[in-house]
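Undergrad:
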Amino acid sequence: MGNISIDTKALPRLLTDGSAAHGSSRHGASYQQAFADLAATHLGEPPRRIVPLLRTAADRALLGFTPADLYEQAEAISTGRRYELRITLT
541 MGNISIDTKA
551 LPRLLTDGSA
561 AHGSSRHGAS
571 YQQAFADLAA
581 THLGEPPRRI
591 VPLLRTAADR
601 ALLGFTPADL
611 YEQAEAISTG
621 RRYELRITLT
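Take the sequence shown: its position 21, counting from 1, is numbered 561 in this note's numbering, and each next residue is one higher.
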């Protein structure tokens, strides 16, 4: 399980709003949607190939995931394992 602390204003960049059009927000697709898209298309790929894609999505969403966070997420995508993220709002 991962952990991230973010400002409440950053929450829309992290989470998909179910009431909005699929993947849309003021900032483009949310990180949650990017993660789901990668999970659907990169199952079985080595984590080292997935990490740069996650880094790009995190940078677009202005989220400060550490390299270890991204590798853990990439491993979950690679193996199809469920990934949980604990969010602390600041």
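Ideal Cβ placement from N, Cα and C applies to all residues, glycine included.
Let me know the beta strand (DSSP E) ranges lying completely inside the region 566-630, each 3 residues or longer, listed in chain order.
TA: The qualifying runs are 625-629.
Undergrad: Taking Cβ positions, are S618 and L583 nearer each other than 9 Å?
TA: Taking the first residue of the sequence shown as position 1, residue 618 is located at position 78. Taking the first residue of the sequence shown as position 1, residue 583 is located at position 43. Yes. Within cutoff.
Undergrad: Quick one: residues in its chain with C-beta nearer than 7 Å to the C-beta of A574, no 5 flanking neighbours on either side, listed in chain order?
TA: Start at 1 with the first residue of the sequence shown, and residue 574 comes out as number 34. Here the set comprises A597.
Undergrad: Nearest to A580 by alpha carbon, out of R595, L603, R621?
TA: Counting from 1 along the sequence shown, the entry for residue 580 is found at position 40. Closest option to A580, Cα to Cα, is R621.
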